[in-house]
Amino acid sequence: MPLVLIYGIHSPDVPKIDGLARDIKKAVASVEELKITEKQVSVFFPRDMNGIPRSQEIIALVEGFYEKPERTANVRNKVATEITRALKCYANEYLEHCRFIEVILKTYNPFGGCVTIEIPEEEREATAERKKNSRKATKRY
Numbered sequence: 026m027p028l029v030l031i032y033g034i035h036s037p038d039v040p041k042i043d044g045l046a047r048d049i050k051k052a053v054a055s056v057e058e059l060k061i062t063e064k065q066v067s068v069f070f071p072r073d074m075n076g077i078p079r080s081q082e083i084i085a086l087v088e089g090f091y092e093k094p095e096r097t098a099n100v101r102n103k104v105a106t107e108i109t110r111a112l113k114c115y116a117n118e119y120l121e122h123c124r125f126i127e128v129i130l131k132t133y134n135p136f137g138g139c140v141t142i143e144i145p146e147e148e149r150e151a152t153a154e155r156k157k158n159s160r161k162a163t164k165r166y
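Numbering (the working numbering), first residue to last: 26 to 166.
If you want it as structure tokens, here you go:
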């Protein structure tokens with residue numbers, strides 16, 4: 026499942042970052058040859074420790090992109106192009122200082138070591154309930 030890491034958008038005052046994440050997920054899932062949904066795409070914005078509050082570059086690294094025969098160079102370029110479009114629209118609207126956008130897509134063979142699990146909603150709810158009850162039991166007055 027693709028993991029998109031966006032570098033260069035890290036200032037706490039950057040607006041509408043959740044909307045950008047949704048747009049990137051839609052952009053990746055829009056490439057029909059991938060046969061994936063938006064839910065299968067993860068988007069993160071790692072904090073940049075270089076001290077520059079407004080980077081002039083946005084770099085997107087796409088990791089976890091499984092090698093498959095149908096994921097040709099053309100398909101990979103479509104993915105990169107769609108992500109670039111989403112980032113450019115966002116930059117034009119909110120990041121007037123941005124001068125450069127680059128998307129780098131890295132493929133890998135999933136049979137070399139990859140495990141994916143989905144935690145069922147019932148299990149997540151039970152965990153949340155246990156934590157809630159635990160906090161109540163230890164609450165001091």
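Glycine included, C-beta positions come from ideal geometry on N, C-alpha and C.
In this chain, the alpha helix (DSSP H) harbouring K103 covers A98 to Y119.
Comparing alpha-carbon positions, the option among R124, K41 and L45 lying closest to L30 turns out to be L45. For E143, the secondary structure class from DSSP, reduced to helix, strand or coil, is coil. The beta carbon of Q81 is closer than 7 angstroms to those of H122, C123, R124 and F125 in its chain, skipping five residues each way along the sequence. Around N134, the same chain offers Y91 and E92 as residues with beta carbons nearer than 8 angstroms, after the five sequence neighbours per side are excluded. Of all alpha-carbon atoms in P27, N158, I129 and E148, the one lying nearest the alpha-carbon of S67 is that of P27. The continuous alpha helix (DSSP H) containing G44 extends over residues I42 to A54. Shown here, T152 sits in a helix according to DSSP, grouped into three states. Excluding the 5 residues flanking it on each side, F69 has same chain C-beta neighbours closer than 8 angstroms at L28, V29, L30 and I31, in chain order. Contact between I61 and V87 is ruled out by a C-beta separation of about 12 angstroms, above the 8 angstroms threshold.
By the Cβ criterion, the segment 97-106 is not in contact with the segment 138-153, since fewer than three pairs of Cβ atoms, one from each stretch, lie closer than 8 angstroms.
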